[in-house]
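A short worksheet on the structure shown next.
In my numbering, the protein residues as written are 515 to 639.
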């Protein structure tokens with residue numbers, strides 16, 4: 515349990531260090547990461563991932579949209595469905611944040627996080 519607490523604390527420090535000179539909240543930064551990986555998400559999916567209400571997820575998106583980092587895109591199949599996508603500026607900001615780190619360090623961190631995620635999935639089912 516001490517190790518889990520230490521990893522959680524170090525993860526928090528890592529995110530704070532990445533976000534040091536940014537005006538983004540931790541959740542906004544994490545949402546940009548999620549969108550960069552997923553391509554697009556619906557508000558309900560964002561709410562589920564962040565364990566918040568759809569209203570809170572929409573509010574978080576409003577602020578990122580005002581900053582030009584994300585955009586709302588209606589689908590052609592169903593105009594009621596709105597996907598949230600990262601913009602070119604949002605992608606540029608994400609890449610800029612990681613420029614401070616060596617590629618090898620980021621790959622090692624990513625590989626380790628994938629292993630932890632796999633183990634947690636096995637444990638929790």
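Backbone N, C-alpha and C define an ideal beta-carbon position, used for all residues, glycine too.
Between residue 533 and residue 583, what straight-line distance do the alpha-carbon atoms span, to the nearest angstrom?
15 Å
Segment contact flag, the region 556-571 with the region 610-619, C-beta cutoff 8 Å, min 3 pairs:
With the cut-off at 8 Å, the region 556-571 and the region 610-619 do not touch.
Distance between beta carbons of residue 545 and residue 574, contact taken as under 8 Å
Yes, residue 574 and residue 545 are in contact; Cβ-Cβ is about 6 Å, under 8 Å.
Could you give the first and the last residue of the continuous alpha helix (DSSP H) run that contains residue 541?
540-552
Going by the beta-carbon positions, is the gap between residue 529 and residue 543 smaller than 8 Å?
Yes. Within cutoff.
At 4 residues or longer, and completely inside the region 555-589: list those alpha helix (DSSP H) runs for me, N to C.
Runs of alpha helix (DSSP H) with 4 or more residues, each lying fully within the region 555-589, are found at 557-564, 568-580, listed in chain order.
State the start and end residues of the unbroken alpha helix (DSSP H) segment that holds residue 595.
Looking at the DSSP string, residue 595 is not in any alpha helix (DSSP H), and its letter there is neither H nor E.
Can you have a look at residue 604 and say buried or exposed, based on whether 16 or more other CB atoms are within 10 angstroms of its CB?
Within 10 angstroms of the beta-carbon of residue 604 lie 16 or more other beta-carbons, which makes it buried.
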